[in-house]
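In what follows, a structure is listed as C-alpha cells, so that the remarks can point back to it.
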Ligand code: UDP
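Residue numbers (our numbering): 146 to 634.
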C-alpha cells in the first residue's frame, strides 16, 4: 500500500535565469511536467513572472478543463527583485544598458539565494531544476538534501564543447596573435574545429572564463541535467555525455512543442501584428520567404544591418525581418523602403516581438536567418525550416557547427567574431548573405539535400515528446527516479 508521502504528487521547483531565452523554455518545461501529474512551481521576480504568466495561464486553463488528463496547475512563486540599485522594473537581462547594470544584475542573481533557501525550507520540493547560472543553488539544494538538476537552455553538443574548453583550454595553447588559428576541441564526440576568433578567449574574458569554470564545477556536483533537446538529434553526444563525462542527462524536448502559448511566448501581450503577419505570409507561395531574427539579446551594427538589407534585396526572395531598434534607422538603404511598402510587397519588417513559432510553422517560410540561439534552432528544427547561420556569441558558434556540419540543415554566412559588443564584428557583405540564402533555397543539389534533411529531422522532433517517443520516456524515467528517491529519503 502507498504511504502518505508516495501519494503526494512529485513537486519540482524551477528556477529560471532572468532572460527570455531561459524563462520561455522553463515555462514550457514546467507545462510538460505538470501535464504528467507533477506539481510544478516556478520561482521568479515580478517582471519575469509577468513574462511567463501567459504560458502558465494557458497550461493551467488546459489542466482545469481536463484537456491534459491528470495535469496539475503550475504555481509561480513571486519573490521581490533584490534591491541592488537598479531602477524599478529592471529585472531582466534584456533591460540592462551598461556594464554597471550587468554587475548589479549579477549581484541580484546571487541574492536570490535567500528566497530560494526559504522556499526549500518551507515547501521541501522533491527536486529543483536550476538554471546553471545560479551556481550557488548546488550548495543551497545540498543543504536541504534536495537534488539539483541543471538546465542551461542549450544542447548536449554545445555543453560537450563547453566541457572541452573548460577541461582542456585549447585556446590557451594557440598563438596569441592569430585570430584565424584553427582550434580543435579535444574530447568531443564530433570533430569540432573553430577559428580562435570564434571562441571565448580566456585571456580577453577572464571573468567569463572563471564563471564558466565555477558553473562547470557546480554542474558536476549536481544530481543531473535536463536538456531542451531530443535523443535522435544528437545520439553520439548523449552517449558521450553519459558514458564518458559520467553525467546524468535527461532530454525532454523540444519543449516548445508542448507549449500552448505559441503566439505570446515570452511577452505579457500578444504579438501586436501576429494576424497581419500571418495574412501577409498566406499570400506568399510555399517556401518563398526568408525569416530573419536575432533573438532577444543580440543585435547588429548599422553597417551590418545595411548589408543584411542589401543581402535580402539581392536574394530576390520575400522576407520577414524582426528588427530591434529605432524608427529612423541610419542603415536604411535607398530603395529598401519600397521593398517593404505595400506596393513593393517583397518584405515585412516586425518591430518588437514576433510570433516566431507561428512564422516558422507557416508553409510560406523557406529559410531562417538566425543567430543560432538554441531555442530558435530547435524551433526551426521542429518546424522543418533550414537555416542560414549567423552566430554572435554565447553557445551560438557551437550551435552553428552542429547545424551546418553535423545535422547538415544549414549554411553559414561566415561569421568569424565572437562577442557581445557590436564593434567586435566584421561586416559581412550583402552578396555573401544573399549567396548563403540562395544555397539553401535554390534548385541546386546542395539546397535540396539541406531541405530534405530539415524535413526528416522535423518528423523526429515531433515524435520525441509524444507518448512512446524518446523525450516522453525520459520525462517518465526522471519522474520515476525522483519518486523512488523520495521513498528512500
Ligand atoms: N522569440 C519570439 N519572438 C521574438 C524574439 C524571440 O517568439 O520576436 C522567442 C523565440 O521563439 C525563442 C526565444 O524567444 O523561443 C529566443 O531564444 P533563443 O535561444 O533563440 O535566443 P536568445 O534570445 O536567448 O539569444
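Think of the CB as a built atom: it goes at the ideal place given N, C-alpha and C, for glycine as much as any other residue.
- Segment contact: the region 495-506 against the region 426-442, three or more CB-CB distances shorter than 8 Å; contact assigned.
- Within the model, the alpha-carbon separation for residue 294 versus residue 228 is close to 28 Å.
- CA-CA distance, residue 310 to residue 381, rounds to 19 Å.
- DSSP places residue 184 inside the beta strand (DSSP E), whose first and last residues are 184-189.
- Secondary structure at residue 219: coil, using DSSP grouped into helix, strand and coil.
- Residue 340 carries a strand assignment under DSSP once its states are collapsed to helix, strand and coil.
- For residue 156, the enclosing beta strand (DSSP E) has its first and last residue at 156-160.
- Excluding its 5 nearest sequence neighbours in each direction, residue 571 has C-beta neighbours in its own chain below 8 Å: 561 and 562, listed in chain order.
- Secondary structure note for residue 352: its alpha helix (DSSP H) is the uninterrupted segment 351-365.
- Distance from the CA of residue 194 to the CA of residue 594, rounded to the nearest whole angstrom, comes to 43 Å.
- DSSP places residue 404 outside any beta strand (DSSP E), giving it a letter other than H or E.
- The C-beta separation of residue 159 from residue 190 comes to about 14 Å, leaving the pair out of contact by the 8 Å criterion.
- As DSSP reads the structure, residue 532 sits in a beta bridge with 513 and 555.
- Here the region 545-552 makes no contact with the region 478-496; the two share fewer than three CB pairs at distances below 8 Å.
- Short of 7 Å from the beta carbon of residue 452, and not among the five residues preceding or following it, lie these beta carbons of its own chain, in chain order: 572, 573, 574, 575 and 578.
- In the DSSP assignment, residue 434 falls within the beta strand (DSSP E) that extends over 434-438.
- Around residue 397, the same chain offers 371, 616, 619 and 620 as residues with beta carbons nearer than 6 Å, after the five sequence neighbours per side are excluded.
- As the crow flies, the alpha-carbon of residue 247 is around 19 Å from that of residue 297.
- Bounds of the beta strand (DSSP E) holding residue 370 are 369-372.
- In this structure, DSSP gives residue 180 a state outside helix and strand, which the three-state scheme calls coil.
- Remark: the shortest separation between the CB of residue 518 and any heavy atom of the ligand UDP falls under 7 Å.
- Of the residues 222, 291 and 540, the one whose Cα lies closest to the Cα of residue 339 is 540.
- Residue 515 counts as buried, since at least 16 other C-beta atoms from the protein chains shown sit within 10 angstroms of its C-beta.
- The residues 347, in chain order, have a CB closer than 7 Å to that of residue 317 in the same chain once the five nearest residues on each side in sequence are set aside.
- At a Cβ-Cβ threshold of 8 Å, residue 551 and residue 335 count as neighbours.
- The beta-carbon distance between residue 454 and residue 476, rounded to whole angstroms, is 6 Å. This is short enough to meet the 8 Å contact definition.
- Residue 174 has its CB no nearer than 7 Å to any heavy atom of the ligand UDP.
- Following the DSSP letters along the chain, one finds residue 494 inside the beta strand (DSSP E) bounded by residues 492-496.
- Selection 323, 356 and 389 evaluated against residue 332 yields 389 as nearest (Cα-Cα).
- At a cut-off of 7 Å, the beta-carbon of residue 502 counts as near the ligand UDP: some heavy atom of the ligand is closer than that.
- Residue 277 and residue 265 have their alpha carbons spaced roughly 18 Å apart.
- At the C-beta level, residue 529 and residue 599 come within 8 Å of one another.
- DSSP places residue 237 outside both helix and strand once states are collapsed to three, so it counts as coil.
- In the structure shown, the three-state DSSP call for residue 291 is coil.
- Assigned with DSSP and collapsed to three states, residue 276 falls in strand.
- In terms of side-chain proximity, the C-beta atom of residue 446 is found no nearer than 7 Å to any non-hydrogen atom of the ligand UDP.
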